[in-house]
Amino acid sequence: MDIIKTGICSYGMSGKLFHAPFIQSHPGFELTAIVERHKNDSRERYPDSKLYRSFEELIADESIRLVVVNTPVQLHHEQVSKALLAGKDVVAEKPFTVNAREAMELEDLAAKTGRTLTVYQNRRYDGDYKAIREVVEDNLLGRLCEVEFRYDRYRITSSGKDHKEGDQPGAGILHDLGAHLIDQSIQLFGFPEAVFADAMTLRDGVAANDYFELLLFYPRMRVRLKGTVVARETTTPFILHGINGSFLQERSDMQEQELLKGAIPTIKSWCPGPAAPDGLLHTTVNGVEVNKATTSSPGNYMGFYDDVYKALTGQADNPVPASDAVKTMRVIDAAMESIATGVKVRL
Numbered sequence: 064m065d066i067i068k069t070g071i072c073s074y075g076m077s078g079k080l081f082h083a084p085f086i087q088s089h090p091g092f093e094l095t096a097i098v099e100r101h102k103n104d105s106r107e108r109y110p111d112s113k114l115y116r117s118f119e120e121l122i123a124d125e126s127i128r129l130v131v132v133n134t135p136v137q138l139h140h141e142q143v144s145k146a147l148l149a150g151k152d153v154v155a156e157k158p159f160t161v162n163a164r165e166a167m168e169l170e171d172l173a174a175k176t177g178r179t180l181t182v183y184q185n186r187r188y189d190g191d192y193k194a195i196r197e198v199v200e201d202n203l204l205g206r207l208c209e210v211e212f213r214y215d216r217y218r219i220t221s222s223g224k225d226h227k228e229g230d231q232p233g234a235g236i237l238h239d240l241g242a243h244l245i246d247q248s249i250q251l252f253g254f255p256e257a258v259f260a261d262a263m264t265l266r267d268g269v270a271a272n273d274y275f276e277l278l279l280f281y282p283r284m285r286v287r288l289k290g291t292v293v294a295r296e297t298t299t300p301f302i303l304h305g306i307n308g309s310f311l312q313e314r315s316d317m318q319e320q321e322l323l324k325g326a327i328p329t330i331k332s333w334c335p336g337p338a339a340p341d342g343l344l345h346t347t348v349n350g351v352e353v354n355k356a357t358t359s360s361p362g363n364y365m366g367f368y369d370d371v372y373k374a375l376t377g378q379a380d381n382p383v384p385a386s387d388a389v390k391t392m393r394v395i396d397a398a399m400e401s402i403a404t405g406v407k408v409r410l
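If you read the sequence shown in my numbering, its first letter stands for residue 64, the second for the next number, and so on.
As structure tokens, then:
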């Protein structure tokens with residue numbers, strides 16, 4: 064098979080957990096190079112890869128075809144642009160950019176250069192999201208009326224990362240966690256007609272938003288997206304109500320936890336699924352009432368890189384094209400406008 068030589072722009076958490084292990088394990092990729100500006104952490108696990116000290120060194124390597132831009136979002140526009148102009152295909156971490164204007168510029172540049180630009184939306188490959196998607200695609204609830212997705216964490220102290228929590232464009236959990244929820248919502252329900260939003264900063268010593276709530280307007284349906292970092296206890300993170308019934312789904316995917324333990328991913332299922340039921344379906348199907356506990360199947364982020372490989376080798380379409388990320392950034396831009404003005408913003 065064609066081997067795609069790949070370089071990673073950063074070896075922080077995303078590089079260590081979400082990119083390097085999957086590139087290394089997929090038979091179609093070679094983890095050719097990793098950028099670490101000052102440290103040598105990658106040498107322990109990936110001694111056969113090249114160690115570069117700058118992004119510029121990485122894109123100057125003519126052997127590398129695919130570049131993973133997983134640096135702070137404030138650098139994405141510049142670095143993705145340079146990588147595309149250097150003739151590289153690119154996987155860009157989410158949030159894709161700081162705003163929709165930057166996202167559209169990168170989409171246009173990818174088209175002009177003829178390179179493949181893919182955005183890393185790994186949560187499409189979570190087991191819990193797959194369970195929701197199946198319920199929606201199978202129309203088990205009838206016409207959907209009200210949906211709530213939330214992403215809650217409990218982190219009451221600052222991380223000290225200015226690009227995530229400082230007074231910078233693109234900082235805050237609306238861009239960070241919100242990008243996941245917005246992408247999932249658009250994938251399931253399409254592009255909304257309007258957005259009303261609220262956000263604020265709850266913790267001391269943090270400048271960026273660490274709480275948000277978005278209300279997405281669809282014809283005869285509302286989707287509420289919410290995130291916070293001060294939820295020591297939380298409620299059901301996925302709730303769908305339709306004319307025929309309801310579906311409640313826990314956030315049960317264990318891939319991140321397993322990767323933190325050092326698990327080696329594979330193309331086949333490598334992460335255990337839930338040990339107990341993690342969902343509840345109560346609906347009516349063909350006149351018969353259904354009220355049962357459900358258990359989601361394991362997710363697999365390797366599916367993302369396998370889909371990227373198929374796209375780069377002409378076997379399938381781009382799994383997360385820049386056009387998808389443009390839609391997400393348009394919703395985030397509208398949410399930021401709504402937060403500033405206090406009014407509903409039409410899209």
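C-beta atoms are modelled at their ideal positions from N, C-alpha and C, and glycine is treated no differently. This structure is a prediction, so every number in the text was calculated from the model and none was measured.
Rounded to the nearest angstrom, what separates residue i and residue j at their Cα positions?
| i | j | result |
| --- | --- | --- |
| A271 | L237 | 9 Å |
| K411 | Y364 | One cannot answer for residue 411 here, as it falls past the ends of the chain, which runs 64 to 410. |
| A388 | Q184 | 9 Å |
| A149 | I127 | 10 Å |
| L80 | K157 | 15 Å |
| T391 | A326 | 31 Å |
| A47 | D273 | Missing from the structure shown is residue 47; the chain here goes from 64 to 410 and no further. |
| F92 | F367 | 13 Å |
| V348 | I245 | 29 Å |
| R283 | I306 | 11 Å |
| S386 | A356 | 37 Å |
| K224 | Y74 | 15 Å |
| S77 | S315 | 20 Å |
| E352 | N202 | 15 Å |
| E125 | T298 | 50 Å |
What residue does the beta strand (DSSP E) around residue i start on, and which one ends it?
| i | result |
| --- | --- |
| G241 | First-last for G241: I236 to F252, but that is the alpha helix (DSSP H), not the beta strand (DSSP E). |
| E99 | It is not in any beta strand (DSSP E) - E99 carries neither H nor E in the DSSP assignment. |
| L343 | G342 to V348 |
| A83 | Taken as a continuous stretch (DSSP letters only), A83 belongs to no beta strand (DSSP E), being part of the alpha helix (DSSP H) at A83 to S88. |
| M284 | M284 to T291 |
| I302 | F301 to G305 |
| K224 | That residue, K224, is in no beta strand (DSSP E); it is neither H nor E in DSSP. |
| L129 | L129 to V132 |
| E119 | Segment F118 to A123 is the alpha helix (DSSP H) holding E119; no beta strand (DSSP E) there. |
What is the DSSP secondary structure of residue i, reduced to helix, strand or coil?
| i | result |
| --- | --- |
| E156 | strand |
| D369 | helix |
| A257 | strand |
| T404 | helix |
| Y364 | coil |
| I67 | strand |
| G78 | helix |
| A338 | coil |
| N185 | helix |
| M399 | helix |
| E319 | helix |
| K113 | strand |
| R213 | strand |
| L410 | coil |
Note the first and the last residue of the continuous alpha helix (DSSP H) segment covering residue i.
| i | result |
| --- | --- |
| L203 | L203 -> no alpha helix (DSSP H), and no H or E assigned at all. |
| S309 | Looking at the DSSP string, S309 is not in any alpha helix (DSSP H); the run it does join, the beta strand (DSSP E), is S309 to Q312. |
| K145 | H139 to L148 |
| T176 | A163 to T176 |
| E352 | It is not in any alpha helix (DSSP H) - E352 instead sits in the beta strand (DSSP E) that spans V351 to T357. |
| E107 | S105 to R108 |
Leaving out the 5 sequence neighbours to the left and right, which residues in its chain are closer than 7 Å to residue i when beta-carbon positions are compared?
| i | result |
| --- | --- |
| F118 | C72, V98 and Q142 |
| Q250 | R187 |
| S401 | V258, F259, A260, K407 and V408 |
| L94 | T69, A83, I86, Q87, Y109 and S112 |
| M167 | V389 |
| P135 | H226 |
| D239 | P158 and K227 |
Using C-beta distances below 6 Å, list every residue in its chain close to residue i, excluding the 5 sequence neighbours before and after it, in chain order.
| i | result |
| --- | --- |
| R218 | V292 |
| V269 | S221 and E228 |
| F301 | I195, F212 and Q312 |
| D65 | T376 |
Name the residue from the options whose alpha carbon lies nearest to the alpha carbon of residue i.
| i | options | result |
| --- | --- | --- |
| A194 | F81, D341 and K113 | D341 |
| L204 | A403, G350 and K390 | G350 |
| K68 | A326, G75 and Q87 | Q87 |
| N162 | E120, Q231 and G91 | Q231 |
| H89 | G177, E197, H226 and P328 | P328 |
| R287 | N202, Y214, A385 and F159 | Y214 |
| L343 | E321, G308 and Q320 | G308 |
| H226 | T160, L172, R283 and R285 | T160 |
| H139 | Q320, T181 and D104 | T181 |
| T176 | P335, D201, L147 and M76 | L147 |
| D380 | T179, D239 and T358 | T179 |
| R206 | G377, G235, T134 and F310 | F310 |
| D152 | A294, G336 and A174 | A174 |
| R393 | E107, G362, R164 and T358 | R164 |
| L172 | S144, D189 and G190 | S144 |
For residue i, which residues from the same chain have a beta carbon less than 8 Å from its beta carbon, with the 5 sequence-adjacent residues on both sides left out?
| i | result |
| --- | --- |
| A398 | L237, G241, V258, A260, A262, F275, L277 and V408 |
| E253 | Checking the displayed sequence, the identity of residue 253 turns out to be Gly instead of Glu. Once the five neighbours on either side are set aside, the close Cβ partners of G253 are Y281. |
| L323 | L80 |
| S248 | V210, F212, P255, L279, V286 and L288 |
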